Amino acid sequence: MIWREEYKIGVELVDEQHQELFKRLGDFIQTVRSDQENSEKKKEVERTLNFMGEYVVTHFDAEEALQKRFNYPDFEEHHQIHEDFKAEVAEFQEKYSADEYDDDFLLEFSGRLLTWLINHVASTDQDIGEHINSVKEKEEELK
Ligand SMILES: [Fe+2]
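To convert, note that position 21 of the sequence shown is 21 in full-length UniProt numbering; the numbers rise steadily by one, no gaps.
And the structure:
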């Protein structure tokens with residue numbers, strides 16, 4: 001499992017969704033590395049890709065809704081980062097269905113995805129957690 005406790009941002013819903021993304025990506029990489037027939041792998045990879053394509057949207061929407069709810073100051077910038085990532089996944093999905101199955105291509109892509117996810121969750125998203133939790137604390141104090 002690639003997930004680490006220190007990736008948590010301290011917001012339960014977001015942490016759960018992040019863990020799910022890491023899990024799926026881990027499965028994806030394992031499938032590509034496995035010695036199953038390419039036809040089997042292709043099916044499996046396709047399933048994971050479709051799931052991730054949708055799940056990433058669900059997750060980013062949920063994360064952005066929280067940012068709005070708590071008036072996160074870097075919302076626009078963060079939103080743009082999410083948009084760019086979604087575009088990259090979509091572009092890959094297109095290429096993937098057009099080309100022959102190719103382990104190297106998939107490993108390169110999944111490696112890039114993993115690097116992105118780790119950097120994003122371990123760094124960029126941490127600021128959201130800090131912000132939300134400090135707002136929550138202030139709200140508690142005012143009660
Ligand atoms: Fe994010």
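Don't be surprised by glycine CBs; every beta carbon is placed ideally from N, CA and C.
Here the structure is a predicted model, which is why all the values come from computation and not from measurement.
- Message: Does the contact criterion of 3 or more C-beta pairs under 8 Å hold for the region 11-19 versus the region 124-133?
- Response: yes
- Could you tell me which of Lys-42, Asp-35, Gln-30 and Phe-22 sits nearest to Asp-102, measuring between CA atoms? Lys-42
- Asp-84: first and last residue of the uninterrupted alpha helix (DSSP H) it sits in: 75-98
- Item | Touching by the beta-carbon criterion (3+ pairs, under 8 Å), the region 88-105 and the region 32-51 | yes
- Message: What would DSSP say about Asn-50, mapped onto helix, strand or coil?
- Response: helix
- Task: Along the alpha helix (DSSP H) that carries Glu-16, what are the first and last residues, could you check?
- Result: 12-33
- Item | Proximal residues to Gln-126 (C-beta, below 6 Å), its chain only, five neighbours per side dropped | Ile-9
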